[in-house]
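S.K.: Sharing a structure here in structure tokens format.
In our numbering, the protein residues as written are -5 to 148.
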């Protein structure tokens, strides 16, 4: 693997880590994913350190230099289906030996995918109505909380 190919490995590692952090994944999951993907790419001494507001990645290249990246994490929303999709890509990197370029393209497709927000108002309405009944509310209270729960979520 050439030095340029090794440098190109940083982009998919960064994107995978950022997507997991920004979508509600745990820091240990970020660190493990980056380490596993980097090793699968053939990188040596892959290290990662994730905190809720930042991501640090480094690995040793064949010429002895160390490639390092520091990224700020800005939490956007919780979307665990994205976290699962990124984990799926990292498993493919390990099993199938995806190239860094192919991995980056798959991660960008996941990043561009729209979150399924159409059902959120219905979910909010059902949760509000269910809690109303669970805490002893009447049927008129349940209907009102159903409408308000859907409105608030919308």
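Backbone N, C-alpha and C define an ideal beta-carbon position, used for all residues, glycine too. Treat the numbers as computed from the prediction; the structure is a model and nothing was measured.
#1: Assuming residue 49 contacts residue 67 (C-beta within less than 8 Å), just tell me the rounded distance between them.
#2: Determine whether the Cβ of residue 44 lies closer than 9 Å to any Cβ atom of chain C.
#3: With 16 as the cutoff for other CB atoms within 10 Å, does residue 90 come out buried or exposed?
#4: If distances are taken between C-alpha atoms only, which option among 122, 134, 3 and 10 comes closest to residue 95?
#5: From the DSSP secondary-structure annotation, give me the bridge partner or partners of residue 41.
#6: Distance check for residue 131 and residue 18, CA to CA, integer angstroms please.
#7: How far does the beta strand (DSSP E) with residue 63 in it extend, from its first residue to its last?
M.R.: Reading it off the structure:
#1: For the purposes of this step, residue 49 is taken as the residue at position 55 of the chain shown. For the purposes of this step, residue 67 is taken as the residue at position 73 of the chain shown. So it is a contact: roughly 6 Å between Cβ atoms.
#2: Checking the listed chains, one finds no chain C in this structure; it contains a single protein chain.
#3: Your numbering for residue 90 matches position 96 in the chain shown. Within 10 angstroms of the beta-carbon of residue 90 lie fewer than 16 other beta-carbons, which makes it exposed.
#4: If you number the chain shown from 1, residue 95 lands on position 101. Nearest C-alpha to residue 95: 3.
#5: Residue numbering aside, residue 41 sits at position 47 when the chain shown is read from its first letter. Answer by DSSP bridge pairing, in chain order: 52.
#6: Locating residue 18 in the chain shown gives position 24, where the first residue counts as 1. Locating residue 131 in the chain shown gives position 137, where the first residue counts as 1. Their Cα atoms are separated by approximately 33 Å.
#7: In the chain shown, the residue the question calls residue 63 occupies position 69. It spans 60 to 66 - the beta strand (DSSP E) in which residue 63 sits, taken as one unbroken run.
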